[in-house]
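All remarks here apply to the structure that follows.
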Amino acid sequence: MLRLPQHAGTLTIRNLYLRGLEEGIYASDPGNNGLNGEGGEVRIENCYARNNNVQQYRIGSDNSYVKDSVAHVDDVPVAADNGGTYARGIWAKEGGSPLTVDNCDVLLEHDQAGNCLHEDDDTECATVDVTDSQLDACCGADGVYYTNCGTINKTNVGSSPDVSVPSGVPTTAEGAANGPQNDKGGGGSSSDQLEIVAASGASDVTYTFDVYGNVSKNLSNGDNSAEDGTADTITDNGDGTYTVDGITGNGYGDTYDYDGSLGNWSSDHAETDYTLSVNGSEIQPSDIGGGGSSATVVDDFEDGNLSEYGFDRGSSGASVVSSPTHSGSHALEYAGTNTEAISTSGLNAYPSAGDTVSFWVRGSGGAAKTNLSYGVQDHTNRYFVRVNISADNLALYRLEGGSSTELAADWSTPALSQDAWYELEVQWATDGTHTLTLLDSSGSQLTQVSTTDTTWSSGGVGFDAYLGSGESAYFNDVTIE
Numbered sequence: 001m002l003r004l005p006q007h008a009g010t011l012t013i014r015n016l017y018l019r020g021l022e023e024g025i026y027a028s029d030p031g032n033n034g035l036n037g038e039g040g041e042v043r044i045e046n047c048y049a050r051n052n053n054v055q056q057y058r059i060g061s062d063n064s065y066v067k068d069s070v071a072h073v074d075d076v077p078v079a080a081d082n083g084g085t086y087a088r089g090i091w092a093k094e095g096g097s098p099l100t101v102d103n104c105d106v107l108l109e110h111d112q113a114g115n116c117l118h119e120d121d122d123t124e125c126a127t128v129d130v131t132d133s134q135l136d137a138c139c140g141a142d143g144v145y146y147t148n149c150g151t152i153n154k155t156n157v158g159s160s161p162d163v164s165v166p167s168g169v170p171t172t173a174e175g176a177a178n179g180p181q182n183d184k185g186g187g188g189s190s191s192d193q194l195e196i197v198a199a200s201g202a203s204d205v206t207y208t209f210d211v212y213g214n215v216s217k218n219l220s221n222g223d224n225s226a227e228d229g230t231a232d233t234i235t236d237n238g239d240g241t242y243t244v245d246g247i248t249g250n251g252y253g254d255t256y257d258y259d260g261s262l263g264n265w266s267s268d269h270a271e272t273d274y275t276l277s278v279n280g281s282e283i284q285p286s287d288i289g290g291g292g293s294s295a296t297v298v299d300d301f302e303d304g305n306l307s308e309y310g311f312d313r314g315s316s317g318a319s320v321v322s323s324p325t326h327s328g329s330h331a332l333e334y335a336g337t338n339t340e341a342i343s344t345s346g347l348n349a350y351p352s353a354g355d356t357v358s359f360w361v362r363g364s365g366g367a368a369k370t371n372l373s374y375g376v377q378d379h380t381n382r383y384f385v386r387v388n389i390s391a392d393n394l395a396l397y398r399l400e401g402g403s404s405t406e407l408a409a410d411w412s413t414p415a416l417s418q419d420a421w422y423e424l425e426v427q428w429a430t431d432g433t434h435t436l437t438l439l440d441s442s443g444s445q446l447t448q449v450s451t452t453d454t455t456w457s458s459g460g461v462g463f464d465a466y467l468g469s470g471e472s473a474y475f476n477d478v479t480i481e
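Residue numbers for the sequence shown follow UniProt numbering, beginning at 1 and rising by one.
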């Protein structure tokens, strides 16, 4: 149990993992007038609590909150000294007003669990604001909400919690000892230094991360200095944290000096496209509460050539161009001709059943039939998805021995436009289920179709298009997860 005594300041608990304890976070005492609680705020952020008895989180002083956290009960909680077991999710106690539960996921799925949100006190009534959260109770748990005399206000609250461990929360003793990323100990005042260096062949490596403390650009680290301009930015979030966004590439890097800890690392490039180091020692993206993109890049055309591809109708219409691109500085263009290219070796990786493969595609000048292939055996044996931008439809085919068979299609739903990027996401399940989702550039789903076919379970990738004069098709950012 983590129990907080009386205090009058502001106490933040962040990135904490608690599981199987007699109680979880017991932080309501500062709001208990009978214990001279002194009313200090308690802020619980980005924590994970599971199968703790009594409560996963308890708050009670005015303006305290639980934010970006997970509470999960799916097993018998540890018994209290009196032998009792009753595990609440979040307990709002001591009449605090307002108390806030924001962007939290709470799931109680055991018959010795109480309520996801429990408002109760012997003498005072709390006001709890629940926003942007998902709460659910089942399997014998008491329910989602309980109020004694207080008020629970709900805004954008659903019932589909994601109870995975939040990014940045250590799940092992070693990870906790290391901190979100080598937290400084001993109360020293010197800064740590984070260096982000792109591989020599990787251009436009964009990244973002959070700093729980202070951060500044290091402008005097040679080729690895941060940019003194808008390319690299630091945003004050107003809550004691900062968000850093930047871009580097082609063997150069950026450097930041910081006090505190790091979290929520993310990059649009694979982890092989850059290295991270703190005070000269290389670390992994997962060491600072995140990862590079979880996707593996198959081809983003940043190498500027098509040497890994074989062409069926000649390559005269194909080229790597610098504009337009979905991201980075290059994309594949087919212009004014019928062109087909496949690759079965030479790229970083290739999809197989169990993967999700993603392509980005764009048409211009009236382009219609743009095809994206996966599971490629050769030119005449493959799966291909036709995104018909002019006719507003999506279809999956199996091309076997040169003959195509339609497997699934939506001939009317998607409304598509020229000169716009679209993402095709193919979830290729191990049982042979193919689920195709077409999304616009903002990530909104336009249509989805699904079918089952087990002809192939792995293979290469490819692109083909049938274009008239003045028509062009563009392909970019092929990834697998």
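Ideal Cβ positions, reconstructed from N, Cα and C, are used throughout, including at glycine.
When 381, 299, 383, 382 are compared against residue 349, the one with the closest alpha-carbon: Per the Cα distances, 299.
Secondary structure of residue 123, DSSP reduced to three states: Residue 123 falls in the coil class under three-state DSSP.
Residue environment, residue 23, which counts as buried when at least 16 other CB atoms sit within 10 Å: Buried is the call here.
Identity of the residues DSSP links to residue 448 by a beta bridge: Residue 448 pairs with 437.
Span separating the alpha-carbon of residue 480 from that of residue 101: Taking the CA atoms as reference points, residue 480 sits about 35 Å from residue 101.
The segment 13-20 contacting the segment 39-48, beta-carbon criterion three pairs below 8 Å: A contact exists between the segment 13-20 and the segment 39-48.
Counted within 10 angstroms of its Cβ, other Cβ atoms place residue 328 as buried (16 or more) or exposed: Residue 328 sits buried, since 16 or more C-beta atoms from the chains shown fall within 10 Å of its C-beta.
Beta-carbon gap between residue 383 and residue 475 smaller than 9 Å: Remark: C-beta atoms of residue 383 and residue 475 do not approach each other more closely than 9 Å.
CB-CB length for residue 317 against residue 337, believed under 8 Å: The beta-carbon separation of residue 317 and residue 337, rounded to 3 Å, stays under the 8 Å limit for a contact.
Span of the beta strand (DSSP E) around residue 49: Looking at the DSSP string, the run of the beta strand (DSSP E) that includes residue 49 is 48-50.
Start-to-end residues for the beta strand (DSSP E) that takes in residue 146: Secondary structure note for residue 146: its beta strand (DSSP E) is the uninterrupted segment 143-147.
Beta-carbon spacing of residue 277, residue 195 below 9 Å: The criterion of a C-beta distance shorter than 9 Å is satisfied by residue 277 and residue 195.
Pick from 142, 27, 470, 361 that is closest to residue 441, judged by C-alpha positions: Ranked by Cα distance from residue 441, the options 142, 27, 470, 361 are led by 361.
Buried/exposed call for residue 116, threshold 16 Cβ in 10 Å: The residue in question, residue 116, is buried, as its Cβ has 16 or more Cβ neighbours within 10 Å.
Terminal residues of the beta strand (DSSP E) in which residue 160 lies: Element bounds for residue 160: n/a, residue is neither H nor E.
Straight-line gap, residue 184 to residue 164 (C-alpha atoms, nearest Å): Confidence at residue 184 is low in this model, with a pLDDT of 32, below 50, so its placement is unreliable and the value that follows should be read with caution. For residue 184 and residue 164, the distance between alpha carbons rounds to 28 Å.
Backbone secondary structure at residue 272 - three-state DSSP: Annotated three-state conformation of residue 272 is helix, per DSSP.
Backbone secondary structure at residue 238 - three-state DSSP: In the three-state reduction of the DSSP assignment, residue 238 falls in the coil class, being assigned neither a helical nor a strand state.
Cα-Cα separation between residue 460 and residue 314, rounded to whole angstroms: The C-alpha of residue 460 lies about 19 Å from the C-alpha of residue 314.
Neighbourhood of residue 112 by C-beta distance below 7 Å, restricted to the same chain and skipping five residues each side: For residue 112, where only same-chain residues beyond five positions count, the Cβ hits under 7 Å are 76, 77, 85, 86, 87.
Status (buried if at least 16 other CB within 10 Å, exposed otherwise) for residue 223: By the neighbour-count rule (16 or more Cβ atoms within 10 Å), residue 223 is not buried but exposed.
Minimum Cβ-Cβ distance from residue 199 to chain B less than 9 Å: Checking the listed chains, one finds no chain B in this structure; it contains a single protein chain.
Residue 380 and residue 396 closer than 9 Å at C-beta: In terms of Cβ geometry, residue 380 and residue 396 do not form a close pair [threshold 9 Å].
For residue 486, the three-state DSSP class (helix, strand or coil): Past the edges of the chain, shown from 1 to 481, lies residue 486, and the structure says nothing about it.
Residues near residue 464 in its chain [Cβ-Cβ closer than 6 Å; skip 5 each side]: Closer than 6 Å at Cβ, skipping near neighbours: 340, 371.
Residue 363 versus residue 369: straight-line alpha-carbon distance, rounded: Counting only the Cα atoms, residue 369 lies some 9 Å from residue 363.
Closest by C-alpha distance to residue 247, when choosing among 53, 203, 446: Nearest option by C-alpha distance: 203.
Element boundaries [beta strand (DSSP E), containing residue 475]: Unbroken beta strand (DSSP E) run through residue 475: 472-480.
Pair within 9 Å by beta-carbon distance, residue 96 and residue 141: In this structure, residue 96 lies away from residue 141, with their beta-carbon atoms at least 9 Å apart.
Beta-carbon gap between residue 147 and residue 119 smaller than 9 Å: Their beta carbons are under 9 Å apart, which means residue 147 touches residue 119 by this criterion.
With 16 other Cβ atoms within 10 Å as the buried cut-off, status of residue 302: Under this definition residue 302 is a buried residue.
The beta strand (DSSP E) enclosing residue 76, as first and last residue numbers: For residue 76, there is no enclosing beta strand (DSSP E), since its DSSP letter is neither H nor E.
Three-state secondary structure (DSSP) of residue 352: Residue state, collapsed to three classes: strand.
Rounded Cβ spacing between residue 304 and residue 330 (contact assumed at less than 8 Å): Right, their Cβ atoms sit about 6 Å apart.
Residue 364, DSSP secondary structure in three states: For residue 364, the secondary structure class from DSSP, reduced to helix, strand or coil, is strand.
Residue 25, DSSP secondary structure in three states: DSSP places residue 25 within a strand segment (E or B) once states are collapsed to three.
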